[in-house]
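**Q**
Protein chains in written order, with my numbering: chain B, 1341 to 1560; chain S, 1341 to 1560.
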């Protein structure tokens, strides 16, 4: 691996960790905002949601000066800033390739729309699926139309929801359509060119954390 | 919140982080094992998979002495140990409540079976679904049968794949069936009694990490 490629992936990892923490802070602030809490200190935020206060201050300081010492953060203001940092202050159009059970479930997943992600298109190859819609109304296009639909709808994120055997081919097709950010739900690893961000949504990790809990619990 | 409840959730968080890292190490070792690599040092493991060598040594040391200084870890042996620590050395039976698109997709998700999770039952309330099977052959039972099926099949993990409005009721039903570990795919927060482990699979966090990448990239 070249030094620049290595540096790039180390930076990628750091970015992923920061982004995950910012997502968590955003969820906490949204919960506070919905109950009308106007201000909160980093230590109260940490205490209430079982986070690390020093880490919160460090993560937020990295993106500018938000809080006032001794007063804390304005909840709605920090929430707005975090949405901006996470790029959620504009509409993000998303395409899902694979209109099987997983693709259809993701297309209508209510959490995505709540956070500003707009699932605009599904893609498949099966004649029986193309031309239909998900229950929530997302149209299913032929995967041959990917490039055209991506350009027309300004789609910036592609989701892979096809069997593992087809996943690399789909990843290549998504990349060639001009999309630079991919979320992969297929098990196994994919390769994408430099400059394209690939995120694996490994559903098994969550189950393993429960299995770990059960294994520890049975010892005690 | 009582001091003991606070202590419990701090411990929970630490466990979650360790479990996630062990899952990642296991994936790396499985990849090495499948290509026939017999031994690896913590620093080579860290370098190859962009991990932190000191963290690897610390995490593994917590569960006993595995490596030999200057020689490294035996790949198949450490893999076996990690599977044991994660509780993957025995069959884990899983039930999924909700036989909509998401539940059906999860029931047939190939990654689960590969790691030793055995999806033995789906549950729903709709007459048109009960009595049917997923494409992969998982039977769909009436949710009224949950307790009986859980006991008969020694099910230890319950997965919630129902709309948010039904999620808390389903969580209560799962808990009363005797299951102590729950993976929740429904957006929003649920409460479970002490002694039950609830893990939220928040699919939106992965999309937000991509959005963050795109927002940063557009600045550069």
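Idealized CB from N, CA, C, for every residue including glycine.
(1) From this set, B:1529, B:1507 and B:1534, which residue's C-alpha is nearest residue 1520 of chain B's C-alpha?
(2) Name the chain S residues that come within less than 9 angstroms of residue 1441 of chain B, Cβ to Cβ?
(3) Helix, strand or coil: which one does DSSP assign to residue 1524 of chain B?
(4) Let's see if you can read the secondary structure: which residues bound the alpha helix (DSSP H) around residue 1424 of chain S?
(5) Closer than 8 angstroms by beta-carbon distance: list the chain S residues that pair up with residue 1539 of chain B, in chain order.
(6) Please list, in chain order, the chain B residues whose beta carbon lies closer than 7 angstroms to that of residue 1360 of chain S.
(7) With residue 1355 of chain B and residue 1552 of chain S assumed to form a contact (beta carbons below 8 angstroms), what rounded beta-carbon distance in angstroms separates them?
(8) Is the CB-CB distance between residue 1523 of chain S and residue 1554 of chain B below 8 angstroms?
(9) Measuring CB to CB, does residue 1432 of chain S end up less than 8 angstroms from residue 1458 of chain S?
(10) Tell me, please, whether the CB atom of residue 1533 of chain B is closer than 8 angstroms to any CB atom in chain S?
(11) Should residue 1520 of chain S be flagged as near chain B, meaning a C-beta pair shorter than 8 angstroms?
(12) Report buried or exposed for residue 1505 of chain B, applying the criterion of at least 16 other Cβ atoms within 10 angstroms of its Cβ.
(13) Is there a Cβ of chain B sitting closer than 8 angstroms to that of residue 1553 of chain S, yes or no?
(14) Using CA atoms only, rank isn't needed, just tell me which of S:1359, S:1364 and S:1358 is closest to residue 1529 of chain B.
(15) Tell me the DSSP secondary structure of residue 1512 of chain S in three-state form.
(16) Report yes or no: is there a C-beta of chain B within less than 8 angstroms of the C-beta of residue 1399 of chain S?
(17) Can we say the segment 1421–1441 of chain S touches the segment 1380–1394 of chain S, given the rule of at least three CB pairs closer than 8 angstroms?
(18) Output yes if chain B places a C-beta closer than 8 angstroms to the C-beta of residue 1427 of chain S; else output no.
(19) Decide if residue 1455 of chain S is buried, meaning its Cβ has at least 16 other Cβ atoms within 10 Å, or exposed.
**A** This is what the structure holds:
(1) Each of B:1529, B:1507 and B:1534 was checked against the Cα of residue 1520 of chain B, and the nearest Cα belongs to B:1534.
(2) Within chain S, the residues near residue 1441 of chain B are 1440, 1441, 1442, 1443, 1444, 1445, 1446, 1447, 1448, 1474 and 1475.
(3) In the structure shown, residue 1524 of chain B sits in a strand (DSSP, three-state: E or B).
(4) Looking at the DSSP string, the run of the alpha helix (DSSP H) that includes residue 1424 of chain S is 1415–1425.
(5) Within chain S, the residues whose beta carbon sits less than 8 angstroms from that of residue 1539 of chain B are 1546, 1549 and 1550, listed in sequence order.
(6) Going along chain B in sequence order, the residues near residue 1360 of chain S (Cβ under 7 angstroms) are 1545 and 1549.
(7) The Cβ separation is near 7 angstroms, so the contact holds.
(8) For residue 1523 of chain S and residue 1554 of chain B, no; Cβs fall outside 8 angstroms.
(9) Judged by their CB atoms, residue 1432 of chain S and residue 1458 of chain S are nearer to each other than the 8 angstroms cut-off.
(10) When Cβ-Cβ separations below 8 angstroms define contact, residue 1533 of chain B makes no contact with chain S.
(11) Taking 8 angstroms as the threshold, the shortest C-beta distance from residue 1520 of chain S to chain B falls below it.
(12) Looking at its Cβ environment, which holds fewer than 16 other Cβ atoms inside 10 Å, residue 1505 of chain B is exposed.
(13) Interface residue, yes.
(14) Nearest Cα to residue 1529 of chain B within the set S:1359, S:1364 and S:1358: S:1364.
(15) Residue state, collapsed to three classes: helix.
(16) Interface residue (Cβ-Cβ distance to chain B less than 8 angstroms): residue 1399 of chain S is not classified as such.
(17) Look at the beta carbons and you see the segment 1421–1441 of chain S not touching the segment 1380–1394 of chain S: under three pairs across the two are nearer than 8 angstroms.
(18) Against chain B, the CB of residue 1427 of chain S has a partner CB under 8 angstroms away; the residue lies at that interface.
(19) It is buried - the Cβ of residue 1455 of chain S has at least 16 other Cβ atoms within 10 Å.
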